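Residue numbers (the numbering used here): -14 to 84.
The structure appears right after this line, and notes come after that.
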Amino acid sequence: MWNIQLKATAVKRWLDEIEEKITKAGDLLDIMTTEGNALNAIWESSAGEVWRKEYTDRLNNVKAQLMEINKCAAKVGRLGKGLADLEIKLTSEAKSYGC
């Protein structure tokens, strides 16, 4: 019984860490977007266009991966909540049996 509680706590802690990392990644992405926009104003040559395309492609790839990470974290969060709810139910049932 206590093992379940410990695992639910560990999952919650892990989810909090993942959420913090996702927030940091999102902040970094915002910085990269801002810097990219500033560089766009500077690079007006054909070489700049090539660089911008490559940069934009990479940035879009990072955005797509971050969205996938968010989806996975949300799913794990739902599963963690289900685990916590199950833990509460099992603890309640165990108490009703005098355990």
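Every residue gets a Cβ at the ideal spot worked out from N, C-alpha and C, and that includes glycine.
Quantities reported herein were computed from a predicted structural model and do not represent experimental measurements.
Do you know offhand how far Gly73's Cα is from Lys(-3)'s?
Residue 73 is actually Ile in this sequence, not Gly. Taking the straight line from one Cα to the other gives about 14 Å.
If we ignore side chains and look at the alpha-carbon of each, how far apart do Thr18 and Lys60 end up?
Rounded to whole angstroms, Thr18 and Lys60 show a C-alpha spacing of 27 Å.
Less than 9 Å separating the beta-carbons of Ile7 and Asn46?
no
Could you check what DSSP says for Trp36 in three-state terms: helix, strand or coil?
helix
Which of helix, strand or coil does DSSP assign to Ser30?
coil
Distance check for Gly83 and Leu68, CA to CA, integer angstroms please.
Their backbone Cα atoms lie some 22 Å apart in a straight line.
Using three-state DSSP, classify Gly83 as helix, strand or coil.
Coil, per DSSP.
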